[in-house]
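Scroll down for the structure; my scribbles are underneath it.
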Amino acid sequence: MATGTGGKGQNTAKVLQQLEPGCVRLLHPLGGSSGDYVAAELSAISQRTVAVQAATRICSTMLSEADRSNTEIIEPSGTISAEESALVVAAAREELGKGGVKAVVVCGTFPPGLEAVYQQVAA
30 MATGTGGKGQ NTAKVLQQLE PGCVRLLHPL GGSSGDYVAA ELSAISQRTV
80 AVQAATRICS TMLSEADRSN TEIIEPSGTI SAEESALVVA AAREELGKGG
130 VKAVVVCGTF PPGLEAVYQQ VAA
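Counting from 30, one number per residue, gives the positions in the sequence shown under my numbering.
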């Protein structure tokens, strides 16, 4: 069995880090022991973590050696409170306000409570 991180934003950050070390700063809400695991797994990447009460979801992919098929089990995400959502938006605005940002990549599925974060950060 192998474990690792696999979110779209996290995978994007890993690839950018390989292409140009030090070029990326990953902002993500993380919670619980699963969030601690994600932060540790990505320790080679500059991160800005917003601590949330809901545990970071775990998704499991099982691969069949017999027919090379796979099955993915995706946990539902816990809800992010309005206060936590405001912290994510504030952190994003602060990071963008530091200057020197050449690009922003926003990707992945946001948990309930963060659906409008794109619009809030851009406002």
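Every residue gets a Cβ at the ideal spot worked out from N, C-alpha and C, and that includes glycine. Because the structure is a prediction, the values reported are computed rather than measured.
Could you check what DSSP says for Val-79 in three-state terms: helix, strand or coil? strand
Pair every Cβ in the stretch 104 to 121 with every Cβ in the stretch 69 to 85, then say whether three or more of these pairs are closer than 8 Å. yes
Residues bridged to Ser-89 by DSSP? Ile-102
Cys-136 versus Val-150: straight-line alpha-carbon distance, rounded: 14 Å
Using the beta-carbon count (16 or more within 10 Å), is Gly-142 buried or exposed? buried
Cβ contact (3+ pairs, closer than 8 Å) linking the stretch 61 to 76 and the stretch 108 to 123: A contact is defined here as three or more CB-CB pairs under 8 Å, and the stretch 61 to 76 fails this definition with respect to the stretch 108 to 123.
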